[in-house]
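*Asks:* Numbering (the working numbering), first residue to last: 1 to 216.
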C-alpha cells in the first residue's frame, strides 16, 4: 500500500515536471519567434525609409539640377540586395513553421509593396535614362509545384548576370497593388514570369530568360 502511494507520487511529480518543461519550451519558442519577427520588422522599416530617401534624391536631382540619371546609379544598385536578404529570412522562418506572430502577414505585405515600388522606380529610371537592364516580375502562389524550381533558376540568373533585377510577387497577399499588377500582366498560371514586358507561363529556363530580356 505504501509502495503504491509512493509510485503515484512519483508519477504525479513526473507529469508535473514534464508539463513544466514543455510549457517552458513553448514560451521560449514563442518569445524567440517574436524577437525574430521584431527584428524583421525593424529591417523592413529601415528599408522603407531608405527607399523613400533614394527616390526623393532621384526626384530632387531631376527637379533641381537635371542630374536624375547620375542618381540612377545609386537608385538601381542599393535597394534590392537588402530586399533579397529580407525575403530569404522570411522564407526560412516560414518553411520552418516558426512564424505565428500576427504581425508576420503585415511584414509580408510591406515586403511586397517595397518590391513593387522598387520595380516601378527602376523601370521609370531606365526609361528616362536609356540604361539597359533586365527587370523580371515573377508571380507565384503557395502550393505551386513548379514555383520552387523557377525560384532557383531566377536566383541563379540574378547572381550570374549583371543588371538583372528579379521581383518575386506573392499573389496570395491581400493587397490591391498586387491584385492590380497581376491583372495587368494577365496572370492566371503559376509560375508566370514577365521579362521586360514579355510574359511567359510555366517554368522558364536561364537561356530563355536571357533571350526574353531584349523584348521590351
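Just so it is clear, CB atoms sit at the ideal spot from N, CA and C, and this is done for glycine as well.
Starting from residue 111 and walking both ways along the beta strand (DSSP E), at which residues does that stretch end?
*Replies:* Premise fails: residue 111 lies in the alpha helix (DSSP H), 104-129, not in any beta strand (DSSP E).
*Asks:* Between which two residues does the alpha helix (DSSP H) containing residue 158 stretch?
*Replies:* 147-160
*Asks:* From the DSSP output, in three-state form, read off residue 200 for me.
*Replies:* strand
*Asks:* Do you know offhand how far residue 189's Cα is from residue 201's?
*Replies:* Going from the Cα of residue 189 to the Cα of residue 201 covers about 6 Å.
*Asks:* Name, in chain order, the residues that DSSP records as bridge partners for residue 168.
*Replies:* 138
*Asks:* Within the continuous alpha helix (DSSP H) that includes residue 195, where are the two ends?
*Replies:* Here residue 195 belongs to no alpha helix (DSSP H); instead the beta strand (DSSP E) covers 192-195.
*Asks:* Which residue's Cα is closest to the Cα of residue 135: 115, 143 and 150?
*Replies:* 115
*Asks:* Taking the CB atoms as reference points, tell me whether residue 163 and residue 133 lie closer together than 7 Å.
*Replies:* Cβ distance < 7 Å, so residue 163 and residue 133 count as in contact.
*Asks:* By how many angstroms is the C-alpha of residue 212 removed from the C-alpha of residue 198?
*Replies:* 7 Å
*Asks:* I need the straight-line Cα distance from residue 196 to residue 122, nearest angstrom please.
*Replies:* 12 Å
*Asks:* Just to confirm my understanding: we take residue 194, look at its own chain, exclude 5 residues before and 5 after, and list those with CB closer than 6 Å. What are they?
*Replies:* Correct list, in chain order: 137 and 185.
*Asks:* What does a CB cutoff of less than 7 Å around residue 157 pick up in its chain, not counting 5 residues either side in sequence?
*Replies:* 164, 206 and 209
*Asks:* Comparing C-alpha positions only, which one of 169, 160, 125 and 150 sits nearest to residue 139?
*Replies:* Taking only the C-alpha atoms, the option nearest residue 139 is 169.
*Asks:* On the criterion of 16 or more Cβ atoms from any shown chain inside 10 Å, does residue 145 qualify as buried, or is it exposed?
*Replies:* Exposed is the label assigned to residue 145, since fewer than 16 other Cβ atoms lie within 10 Å of its Cβ.
*Asks:* Does the beta-carbon distance from residue 112 to residue 153 come in below 7 Å?
*Replies:* no
*Asks:* Quick one: grab the DSSP three-state call for residue 174.
*Replies:* coil
*Asks:* Is residue 206 helix, strand or coil by DSSP?
*Replies:* helix
*Asks:* Determine whether the beta carbon atoms of residue 191 and residue 150 lie at a separation below 7 Å.
*Replies:* yes
*Asks:* Enumerate in chain order the residues of its own chain whose CB-to-CB distance from residue 182 is below 8 Å, with the five nearest sequence positions on each side excluded.
*Replies:* The beta carbon of residue 182 lies closer than 8 Å to those of 139, 169 and 171 in the same chain, with the five residues before and after it left out.
*Asks:* Can you say whether residue 105 is buried or exposed, counting buried as having 16 or more other CB atoms within 10 angstroms of its CB?
*Replies:* exposed
*Asks:* In angstroms with no decimal places, state the Cα-to-Cα distance between residue 84 and residue 167.
*Replies:* 9 Å
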